[in-house]
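Participant:
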Amino acid sequence: MPDLKKRLEEMQASLRLTTDDIELRLSLLLLKDLRAAELSAYLPELDSLHGRFVNELHEHLGQFPQYTEATDPPRQPVGLKEQQLRYCQQMLRGPYNVQYARLRILAGLSSPSARQEQKWSIATYHFYLNFMHRELRALWSDKLELADRIFSNLMKISFFDLTLRVETHSASNRLALEESQTRYDRTIHAANDGFWEWHVDEDRLEVSERWLAMLGLEADKAPKTLQQFCALISDTQRGAFEDLITAHLEGRQPWLDMECQLYGGAGRPLWVLLRGVVSDNLRGERVLAGSLSDITARKVAEQELAHATLHDPLTGLPNRQSMNKQLIQALQRQAKPGARHAAVLFINLDRFKLINDSLGHQAGDQVLVQVAARMGRCLRPGDHLFRFGGDEFVVLLNDMAEAGDAETVAKRIMETLHYPLLAGGQRLSVTASIGLAPLKAQGQEQDALREADLALYRAKASGKSQLALYSDNLQVEVHHRLKLENALSEALRRKQFELYYQPIVKVQNGESSVVGVEALLRWWQDGVLISPDEFIPVLEESGQIVEVGEWVLRQACTQVLEWHADGHEALRCSVNLSSRQLQAPNFAGSVARVLEETGFPATSLVLEITESLLMLDSPDTLATLRELESLGIRIALDDFGTGFSSLGYLHRYPLHIIKVDKSFITKAPDDERLRAISRAIIGLGHGLSMDVIAEGIETLEQMDFLHDEGCHYIQGYWFSRPLSAELIKPVLNQLAGQPASLA
Ligand code: C2E
Ligand code: CA
Ligand code: CA
Numbered sequence: 000m001p002d003l004k005k006r007l008e009e010m011q012a013s014l015r016l017t018t019d020d021i022e023l024r025l026s027l028l029l030l031k032d033l034r035a036a037e038l039s040a041y042l043p044e045l046d047s048l049h050g051r052f053v054n055e056l057h058e059h060l061g062q063f064p065q066y067t068e069a070t071d072p073p074r075q076p077v078g079l080k081e082q083q084l085r086y087c088q089q090m091l092r093g094p095y096n097v098q099y100a101r102l103r104i105l106a107g108l109s110s111p112s113a114r115q116e117q118k119w120s121i122a123t124y125h126f127y128l129n130f131m132h133r134e135l136r137a138l139w140s141d142k143l144e145l146a147d148r149i150f151s152n153l154m155k156i157s158f159f160d161l162t163l164r165v166e167t168h169s170a171s172n173r174l175a176l177e178e179s180q181t182r183y184d185r186t187i188h189a190a191n192d193g194f195w196e197w198h199v200d201e202d203r204l205e206v207s208e209r210w211l212a213m214l215g216l217e218a219d220k221a222p223k224t225l226q227q228f229c230a231l232i233s234d235t236q237r238g239a240f241e242d243l244i245t246a247h248l249e250g251r252q253p254w255l256d257m258e259c260q261l262y263g264g265a266g267r268p269l270w271v272l273l274r275g276v277v278s279d280n281l282r283g284e285r286v287l288a289g290s291l292s293d294i295t296a297r298k299v300a301e302q303e304l305a306h307a308t309l310h311d312p313l314t315g316l317p318n319r320q321s322m323n324k325q326l327i328q329a330l331q332r333q334a335k336p337g338a339r340h341a342a343v344l345f346i347n348l349d350r351f352k353l354i355n356d357s358l359g360h361q362a363g364d365q366v367l368v369q370v371a372a373r374m375g376r377c378l379r380p381g382d383h384l385f386r387f388g389g390d391e392f393v394v395l396l397n398d399m400a401e402a403g404d405a406e407t408v409a410k411r412i413m414e415t416l417h418y419p420l421l422a423g424g425q426r427l428s429v430t431a432s433i434g435l436a437p438l439k440a441q442g443q444e445q446d447a448l449r450e451a452d453l454a455l456y457r458a459k460a461s462g463k464s465q466l467a468l469y470s471d472n473l474q475v476e477v478h479h480r481l482k483l484e485n486a487l488s489e490a491l492r493r494k495q496f497e498l499y500y501q502p503i504v505k506v507q508n509g510e511s512s513v514v515g516v517e518a519l520l521r522w523w524q525d526g527v528l529i530s531p532d533e534f535i536p537v538l539e540e541s542g543q544i545v546e547v548g549e550w551v552l553r554q555a556c557t558q559v560l561e562w563h564a565d566g567h568e569a570l571r572c573s574v575n576l577s578s579r580q581l582q583a584p585n586f587a588g589s590v591a592r593v594l595e596e597t598g599f600p601a602t603s604l605v606l607e608i609t610e611s612l613l614m615l616d617s618p619d620t621l622a623t624l625r626e627l628e629s630l631g632i633r634i635a636l637d638d639f640g641t642g643f644s645s646l647g648y649l650h651r652y653p654l655h656i657i658k659v660d661k662s663f664i665t666k667a668p669d670d671e672r673l674r675a676i677s678r679a680i681i682g683l684g685h686g687l688s689m690d691v692i693a694e695g696i697e698t699l700e701q702m703d704f705l706h707d708e709g710c711h712y713i714q715g716y717w718f719s720r721p722l723s724a725e726l727i728k729p730v731l732n733q734l735a736g737q738p739a740s741l742a
């Protein structure tokens, strides 16, 4: 109701229905001096006539379906009749003043036909007067004068009402229009849309200010014709827009609705939704009016979403899902006659877990990003690099002249990764293992991937930083490797491991003496001796190396302690460590425990580590090494010279011994360059007050070279091969205190 009251006030204001005006209307219709008393004297008769009137009126109007359908919801005859009866009753009772007028307006407003066309109101009043005239004269056929007087009064009131009703109706429509106009203005403003109108027959285009502003165009750059408008649309979409307009003008499309990119004043295109509909204006000309909405934000979000589902967020590389698509396409290309070679590389970073664990995931992420960028630079346009997941990448090489080109690319990738990179504030060198498989036309997209994965498995198995090609007997090899893994997991329990020992000999002033032994692990599998190069990587991969490594340490300490008691009390014991062991929690603690349990003196223990561990430069490794040093243990840097990182760590880490890799010394006597490098390494070690041990010495020539260079510690077949504890014992005895020349 408050709503109706508000509308009444609005209406009264709109009709300018002041008290004076109403007085005037009443006077004009001679209603002012109407004595309501005259009507009220005949109320029963008149009320009953009204009852009949309402029924007859409905019978009459009911013949017109337009009448019942004209309102929404459709007219309810019963409610309507009651309302009309009430209206008629009021009509008889006056008093005819401002209050009455307000009541009539209100009745008009609440009637469902208030906003409907006036023809129904006029017809109703006409029907009413006709009915009453006939019936009054019939009722009072003997008092026709009374009948006419009453009718005249009803006519005055009816005219008063009818005028009000008609005026209310038009005012109501006007208000509704105003309201919809302001709503329309509000909408346009809020929608932030631009508007355009194309006068079809004159080919004249008009655009709103907002339209221009959205596109960043000055007024003088406003398009004036449809062609100028179309010129702003991106090349790929222009044709479609023109077709759509034609289709709409020809009635084949109910309206225009198209998303496209418009190039305005700014360099970047604007994604817009173009909408429009053609209609005839008052002069009968065709006008295509439309709107322009900026949908850039939504488009960007959509594109980001589409990109996100197909790309890896870290490296920005296409992900596995995109890879499958590309592989399918590549296979289709391969199936065509004359197709050139294609191949898949499966790439896995070596020791990535170690980087993640020791330097943190953030550093790991930095490595992945840089590695991805470097690998990308090794490829040609048309090749694809995908992040498969974790530290695994896949490369799809297309359109190669030779099958062997894939190998070249793989090697280039491995090479580019070797250069040190910065991650987590550290310089480190990353290597990758790669499996390569050709893409065969008759295969499925997963075949090449599986084959490349198998090859990768082989590459990993044969040591890190390897490239392996898929071959049909790889399946057999992989099977073998799996068997190896299974067998190894049982080896410790089955006591299949044995330690061999190789003497480390000090040669000085023509005297040689054994200063230590290096413990080297052997595996007896079904009576066959397996080399550590074959099974240590498998132990490392599976993590078993931690448990096996502790066994080695305990076994070696126990054995060498026996030899101490047997007259070799100064004998040092060298034990190899894998990086996985050093990474294990509280490694130094577990070493201390073994020393305590075996009673082996810490000062006689040497732990050999490799450069790859130091390359990671992790604070944890440094702390562990310091802890070991503080126990009195000496640390040897094994295989020196085969790594790729800087020499900086030589003084940063607690290192006591350098073991020069056999690849240098063994060829040094014949190779000037290697000779220089070996000399430099020996000098470097001595300069840093470290012992330098030359490994892999087999010949007298090599012995002479080392003698000349002042390297006094020697390990190699020249003195002895690694042998079982039982067999090495006599060698130790023999070497002790023997002149070098007699060895
Ligand atoms: P490494 O620590 O560099 O051990 C020296 C390797 O050189 C040994 O191979 C040894 O037999 C070989 N060698 C010694 N003198 C000569 C020589 O004059 N000429 C030639 N050609 N070779 C010589 P091996 O025993 O096959 O061990 C291979 C590698 O396996 C070791 O290299 C070491 O990295 C690893 N390894 C051995 N035992 C263990 C272990 O208990 N734990 C760990 N983590 N690694 C081990
Ligand atoms: Ca070693
Ligand atoms: Ca070595």
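Numbering (numbering that gives the first Met the number 0), first residue to last: 0 to 742. Glycine included, C-beta positions come from ideal geometry on N, C-alpha and C.
Could you please give the first and the last residue of the uninterrupted beta strand (DSSP E) stretch that includes Phe-345?
Facilitator: Note, Phe-345: beta strand (DSSP E), 340–348.
Participant: In three-state terms, what does DSSP make of Pro-253?
Facilitator: Coil, per DSSP.
Participant: Counting pairs of Cβ atoms below 8 Å between the segment 233–242 and the segment 211–224, do you hit three or more?
Facilitator: Touching, no, given that fewer than three Cβ pairs across the two stretches are closer than 8 Å.
Participant: How is Leu-687 classed by DSSP in three states: helix, strand or coil?
Facilitator: Coil, per DSSP.
Participant: Which one or two residues does DSSP pair with Lys-439 in a beta bridge?
Facilitator: According to DSSP, which records beta bridges pairwise, Lys-439 is partnered with nothing at all.
Participant: My guess is that Ser-617 and Cys-572 are in contact by the Cβ rule of under 8 Å, so how many angstroms apart are they, rounded?
Facilitator: The pair is not a contact, with the Cβ atoms about 27 Å apart (cut-off 8 Å).
Participant: Is any non-hydrogen atom of ligand 2 found closer than 6 Å to the C-beta of Asn-355, if you look at the structure I gave you?
Facilitator: No, Cβ of Asn-355 sits at least 6 Å from all heavy atoms of ligand 2.
Participant: Please list, in chain order, all residues with a C-beta atom less than 7 Å from at least one heavy atom of ligand 2.
Facilitator: After applying the 7 Å Cβ criterion, the set is Glu-517, Ser-573, Asn-575, Glu-607, Asp-637 and Lys-658.
Participant: Any heavy atom of ligand 1 inside 6 Å of the beta-carbon of Asp-532?
Facilitator: It does: the Cβ of Asp-532 is within 6 Å (strictly closer) of some heavy atom of ligand 1.
Participant: Specify the secondary structure class of Ala-451 as computed by DSSP and reduced to three states.
Facilitator: Correct three-state label for Ala-451: helix.
Participant: Can you list the alpha helix (DSSP H) stretches of 4 or more residues lying completely in the segment 290–366, in chain order?
Facilitator: Segments of the alpha helix (DSSP H) lying fully in the segment 290–366: 295–309, 319–334 and 351–358.
Participant: By how many angstroms is the C-alpha of Pro-668 removed from the C-alpha of Ser-740?
Facilitator: In this prediction, Ser-740 scores a pLDDT of 42, lower than 50, which makes its location untrustworthy; the coordinate-derived value is nonetheless stated afterwards. Cα-Cα distance, rounded: 19 Å.
Participant: Pull up the CB-CB distance for Val-477 and Arg-457, whole angstroms please, since I reckon it's below 8 Å.
Facilitator: Indeed they touch by this definition, with Cβ atoms about 7 Å apart.
Participant: Once DSSP output is grouped into helix, strand and coil, what is the label at Ser-47?
Facilitator: Ser-47 falls in the helix class under three-state DSSP.
Participant: Is any non-hydrogen atom of ligand 3 found closer than 6 Å to the C-beta of Glu-414, if you look at the structure I gave you?
Facilitator: Checking every heavy atom of ligand 3 against the Cβ of Glu-414, none is found closer than 6 Å.
Participant: Is the Cβ-Cβ distance between Leu-498 and Asn-347 less than 7 Å?
Facilitator: Against a cut-off of 7 Å, the Cβ pair of Asn-347 and Leu-498 comes out as no contact.
Participant: Assuming Leu-273 and Leu-287 form a contact by the criterion Cβ under 8 Å, report the distance between their Cβ atoms to the nearest whole angstrom.
Facilitator: Incorrect: roughly 11 Å between the Cβ atoms, too far for contact.
Participant: Assign Glu-8 to buried or exposed, taking buried as 16 or more other Cβ atoms, counted over all protein chains shown, within 10 Å of its Cβ.
Facilitator: Glu-8 is exposed by the Cβ-count criterion.
Participant: Taking Arg-339 as the reference, give the member of Leu-396, Asn-129 and Gly-264 with the closest Cα.
Facilitator: Answer by Cα proximity: Leu-396.
Participant: Based on Cα-Cα distance, which residue from Phe-130, Leu-636, Gly-388 and Gln-524 lies nearest to Ser-47?
Facilitator: That would be Phe-130, whose Cα lies nearest to the Cα of Ser-47.
Participant: Alpha carbons only, please: which of Ser-688, Leu-487, Arg-553 and His-383 is nearest the one belonging to Gln-524?
Facilitator: Of the candidates Ser-688, Leu-487, Arg-553 and His-383, the one whose C-alpha sits nearest the C-alpha of Gln-524 is Leu-487.
Participant: Could you confirm whether any beta carbon from chain D is found closer than 7 Å to the beta carbon of Leu-143?
Facilitator: Absent from the structure: chain D. Only one protein chain is present.
Participant: Pull the bridge partners of Leu-743 from the DSSP assignment, please.
Facilitator: The requested residue 743 is not part of the displayed model; the chain covers only 0 to 742.
Participant: Candidates Ser-13, Leu-60, Ile-104 and Leu-153: which alpha carbon is nearest Ala-175's?
Facilitator: Of the listed residues, the one whose Cα sits closest to Ala-175 is Ser-13.
Participant: Give the DSSP-derived three-state secondary structure of Asp-382 in the structure shown.
Facilitator: Correct three-state label for Asp-382: strand.
Participant: Going by Cα to Cα distance, which pick from Ile-104, Thr-415 and Val-393 is closest to Asp-452?
Facilitator: Selected option, being the one with the closest Cα: Val-393.
Participant: Mind the definition here: the segment 297–317 touches the segment 408–422 only if three or more C-beta pairs lie below 8 Å; say whether that holds.
Facilitator: Touching, no.
Participant: Please classify Lys-268: does DSSP put it in a helix, a strand, or coil?
Facilitator: Residue identity differs from the one stated: residue 268 is Pro in this sequence, not Lys. The answer is coil: DSSP assigns Pro-268 none of H, G, I, E or B.
Participant: Give me the Cα-Cα distance between Leu-105 and Tyr-127, rounded to the nearest whole angstrom.
Facilitator: Those two C-alpha atoms are separated by around 20 Å.
Participant: In chain order, what residues of the same chain lie with their CB nearer than 8 Å to the CB of Leu-640, ignoring the 5 residues before and after it?
Facilitator: As written in the sequence, residue 640 is Gly, which differs from the Leu given in the question. Only Val-659, Asp-660, Ser-662, Phe-663, Ile-676 and Ile-680 meet the Cβ criterion.
Participant: At which residue ranges does the segment 453–540 contain complete beta strand (DSSP E) runs of 3 or more residues, listed in the order of the chain?
Facilitator: Complete beta strand (DSSP E) runs here, min 3: 466–468, 496–507, 510–524 and 527–529.
Participant: Determine the direct distance from the alpha carbon of Arg-164 to that of Tyr-124, and round the result to whole angstroms.
Facilitator: C-alpha separation (whole angstroms): 10 Å.
Participant: Please classify Arg-15: does DSSP put it in a helix, a strand, or coil?
Facilitator: Coil at Arg-15, not helix or strand.
Participant: Give the range of the beta strand (DSSP E) segment to which Ala-422 is assigned.
Facilitator: Where Ala-422 is concerned, the enclosing beta strand (DSSP E) stretches over 420–422.
Participant: In the DSSP output, what is Met-399 paired with across the bridge?
Facilitator: Its beta-bridge partners are His-340.
Participant: Quick one: does the C-beta of Ser-577 sit closer than 6 Å to a heavy atom of ligand 5?
Facilitator: As for ligand 5, it is missing from this structure, which binds only ligand 1, ligand 2 and ligand 3.
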